[in-house]
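For the sequence shown, the tail end lands on 419 under our numbering, and the numbers increase by one without skipping. No residue lacks a Cβ here, since even glycine has one placed at the ideal position from N, Cα and C. Have a look at the structure below, then the notes.
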Amino acid sequence: MSSAACIDALWLPYTQMATAPSPLPVVGASGARIRLADGRELIDGISSWWTMCHGYGHPHIRQAVAAQLETLPHVMFAGIVHEPALSLARRLAALLPGDGKRRLDRVFFSESGSVAVEVALKMAVQYWRNRGQERRRFLAFRGGYHGDTLGALSVTDPGCGFHDALAGYRVPQLFAELPRDAATRDALDALLAAHGREIAAVVVEPRVQGAGGMRFHDAATLAAIRDACDAHDVLLIADEIMTGFGRTGTLFASDENAVPDILCLSKALTGGTLPLAATVAADQVFAAFCSDRGEDAFMHGPTFMANPLACAAANASLDLFEREPRLAQVAAIERQLRAGLAPCRALPGVADVRAIGAIGVVQLDRPVAAGLRPAFAERGVWVRPFGDIVYLAPPFVIEAADLTALTTAVCEVVAAWSRQAPSASCPLSTP
Ligand SMILES: *Cc1c(COP(=O)(O)O)cnc(C)c1O
């Protein structure tokens, strides 16, 4: 049997290289389909880790990147700016939610979601320092995931399995249950009352916790978090790296009742085409960095910050949200996911079936889902179950027939598992 060890020079993510099955060689992709070297096509049920919202190879993004390649593929971003970054920042500021108190209108670019979170954490700590307060801790939520770098990892739920190997190295933070009811609201309030003066910010994935298990919460829960932060004078960081750009049914998951002080974007920012991330600060956060003291400046600067190719792809992606009916497509996907996954509800071993926007989840009663991966590729679909969930997060442009193929495959694979009810649990629980 071939194993991942056979691909010699490569080291794959979240993978036990000694025993993992050989990865599938990909030679191309278009729309919602991935083409394999052996000629087979897989329907992509997870949009390349939730990035590929307009499908692979959308001509408008391809043309924008090609044109940018001709004029300015890259230039450093200190002391120099360029139009693709400026127009992208202005467009993001105009699209993000705001309220009477906060306008999210200062955009700091980086190249990955984890770095966008690192930047947000550093901004929050220095915001308080610039205002004469030492605050070095963060409060995050059980079930949350914020990235693999050390700072982002520190606010990821230690129970999610991403940092078992680093337990002694991780910066200890505070964790609370999401405030879904009176008891958890009181618990959050008590934690903030006890530690508020040490806490720089609360960090949350609005409406959907992604890599921690695709768990949803409602807008009232999110608003309760905003209210608690206001009551205890703590900043709120919204990690919209997964939820941003339509995935939950609206362009952003944050709304005017829960406007964060800092918001992180990445995955679908360039329509899945190139790596780019943004940490967007509200005006009053930015103001704390503006003074006549050099040490108040924000000391962070990724080498490839605001790469023009990536900014051009992101601008083209925003064009597509304006020109093509993406949010209507997401609404149709949600209806089809609900109907298509509903048969799983009755199966033994299935704990829950749920959908929001273009995310559909079948939750099993045990963390065995990764073991189901091979069954999907065999059926011509690309789905990567993890932990206790089998989920779909397709490109928004997927055709109804392809989405039916995906929901049918999920129902068949889960039904087969449910009949055999295998007890072996799979150690790989990451997405
Ligand atoms: C994927 C993700 C990250 C990390 O982004 P990378 O680009 O993988 O570093 C952070 N937060 C959330 C909510 C994510 O889904």
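Residue range of the alpha helix (DSSP H) that includes residue i
{"i": "S35", "result": "35 to 38"}
{"i": "R173", "result": "170 to 183"}
{"i": "I31", "result": "Per DSSP, I31 belongs to no alpha helix (DSSP H); it is in the beta strand (DSSP E), 29 to 32."}
{"i": "F274", "result": "271 to 275"}
{"i": "R94", "result": "Per DSSP, R94 belongs to no alpha helix (DSSP H); it is in the beta strand (DSSP E), 92 to 98."}
{"i": "I321", "result": "314 to 329"}
{"i": "V143", "result": "Run containing V143: none; DSSP gives neither H nor E here."}
{"i": "E54", "result": "A quick correction: the sequence has Ala, not Glu, at residue 54. Looking at the DSSP string, the run of the alpha helix (DSSP H) that includes A54 is 47 to 59."}
Buried versus exposed call for residue i [16 or more other C-beta atoms within 10 Å across all chains shown]
{"i": "V190", "result": "buried"}
{"i": "L264", "result": "buried"}
{"i": "F327", "result": "Residue identity check: residue 327 is Ala in the sequence provided, not Phe. A327 should be labelled exposed."}
{"i": "D(-4)", "result": "exposed"}
{"i": "E99", "result": "buried"}
{"i": "S279", "result": "exposed"}
{"i": "T44", "result": "One detail in the question is off: residue 44 reads as Tyr in this sequence, not Thr. Classification of Y44: buried, given that the 10 Å Cβ count is 16 or more."}
{"i": "M40", "result": "buried"}
{"i": "S10", "result": "exposed"}
{"i": "L74", "result": "exposed"}
{"i": "L0", "result": "exposed"}
{"i": "Q324", "result": "buried"}
{"i": "E193", "result": "buried"}
{"i": "I68", "result": "exposed"}
{"i": "G345", "result": "buried"}
Boundaries (first-last residue) of the beta strand (DSSP E) holding residue i
{"i": "V190", "result": "187 to 192"}
{"i": "Y379", "result": "377 to 380"}
{"i": "L352", "result": "347 to 352"}
{"i": "R407", "result": "First-last for R407: 388 to 408, but that is the alpha helix (DSSP H), not the beta strand (DSSP E)."}
{"i": "V341", "result": "338 to 344"}
Cα-Cα separation, residue i to residue j
{"i": "C414", "j": "D376", "result": "Caution is warranted here: a pLDDT of 48 is assigned to C414, below 50, making its placement in the model unreliable, and the coordinate value is therefore given only provisionally. Cα to Cα, C414 sits roughly 10 Å from D376."}
{"i": "P85", "j": "C399", "result": "37 Å"}
{"i": "D221", "j": "L109", "result": "16 Å"}
{"i": "Y2", "j": "R342", "result": "26 Å"}
{"i": "G198", "j": "G132", "result": "7 Å"}
{"i": "A153", "j": "A302", "result": "35 Å"}
{"i": "L360", "j": "V350", "result": "13 Å"}
{"i": "L223", "j": "F126", "result": "10 Å"}
{"i": "I187", "j": "E106", "result": "16 Å"}
{"i": "M293", "j": "R235", "result": "25 Å"}
{"i": "L166", "j": "F129", "result": "6 Å"}
{"i": "V402", "j": "L352", "result": "9 Å"}
{"i": "R78", "j": "R173", "result": "36 Å"}
{"i": "M460", "j": "R203", "result": "This structure cannot settle anything about residue 460, because the visible part of the chain is limited to -11 through 419."}
{"i": "E228", "j": "S305", "result": "17 Å"}
{"i": "Q425", "j": "A181", "result": "Outside the shown range of the chain (-11 to 419) lies residue 425, about which nothing can therefore be said."}
{"i": "V268", "j": "T238", "result": "18 Å"}
{"i": "R185", "j": "C217", "result": "12 Å"}
Residue i, DSSP secondary structure in three states
{"i": "S18", "result": "strand"}
{"i": "S305", "result": "helix"}
{"i": "P362", "result": "helix"}
{"i": "Q121", "result": "coil"}
{"i": "R130", "result": "coil"}
{"i": "F240", "result": "coil"}
{"i": "P9", "result": "strand"}
{"i": "H220", "result": "coil"}
{"i": "R203", "result": "strand"}
{"i": "Y157", "result": "coil"}
{"i": "G86", "result": "strand"}
{"i": "V371", "result": "coil"}
{"i": "E71", "result": "helix"}
{"i": "D280", "result": "coil"}
Residue i beta carbon near ligand 2 (any heavy atom closer than 8 Å)
{"i": "I229", "result": "You won't find ligand 2 in this model; what it holds is ligand 1."}
- Query: Are at least three pairs of beta-carbons, each pair with one atom in the segment 232 to 247 and one in the segment 46 to 63, less than 8 Å apart?
  - Reply: No, the segment 232 to 247 is not in contact with the segment 46 to 63.
- Query: So does the segment 296 to 306 actually touch the segment 105 to 119, counting three or more Cβ pairs closer than 8 Å?
  - Reply: With a cut-off of 8 Å, the segment 105 to 119 and the segment 296 to 306 do not count as touching, because too few Cβ pairs lie within range.
- Query: Contact between the segment 269 to 279 and the segment -2 to 17: three or more CB pairs below 8 Å?
  - Reply: Verdict: no, contact absent.
- State whether the segment 33 to 52 contacts the segment 383 to 401, with contact taken as three or more CB pairs (one from each stretch) at a distance under 8 Å. Put simply, the segment 33 to 52 touches the segment 383 to 401. At least three CB pairs are less than 8 Å apart.
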